[in-house]
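Undergrad: Here's a structure for you.
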Amino acid sequence: MPTYEYECQSCHQRVEAVQTFSDAPLSVCEKCGGPLRKVFSGVGIVFKGSGFYKTDSRGSASASTTSASSTTSTTPASPAPVATPVSAPASPSTGD
499 MPTYEYECQS
509 CHQRVEAVQT
519 FSDAPLSVCE
529 KCGGPLRKVF
539 SGVGIVFKGS
549 GFYKTDSRGS
559 ASASTTSASS
569 TTSTTPASPA
579 PVATPVSAPA
589 SPSTGD
């Protein structure tokens, strides 16, 4: 069952309550009778077991480096094409 934390809006006292999901939320402070409000905070998560890390779904590191080296090509790379300069069109002469 989850533990919920409430804070009184009048006296600012914090109260923890263990409740099921179907229980109604607390609404009245036991100390002063003021309204309670649910406090939300970050949840700590601990991943245990396999399948949670990006390396769990892959083979070992040595297997991936061997497969990468065997798939590389031994033929030399062809040189990149050389761009030829384009000349600007000739402007008409004014000949005055």
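Numbering of the sequence shown is given in our numbering, commencing with residue 499 and proceeding in unit increments.
Every residue, glycine too, gets a C-beta built ideally from N, C-alpha and C.
Runs of 3 residues minimum, wholly inside the segment 506-553: which ones carry the beta strand (DSSP E) assignment?
TA: 512-516 and 534-537
Undergrad: Whole angstroms are fine: how far does the CA of S525 sit from the CA of G532?
TA: About 8 Å.
Undergrad: Could you round the C-beta distance between C506 and K529 to whole angstroms and report it? I think they count as a contact, below 8 Å.
TA: 7 Å
Undergrad: Quick check: what's the CA-CA separation for I543 versus T501?
TA: 15 Å
Undergrad: Assign C509 to buried or exposed, taking buried as 16 or more other Cβ atoms, counted over all protein chains shown, within 10 Å of its Cβ.
TA: exposed
Undergrad: Would you mind working out which of V541, K552 and M499 sits nearest F519, comparing C-alpha positions?
TA: In terms of CA proximity to F519, M499 leads the group V541, K552 and M499.
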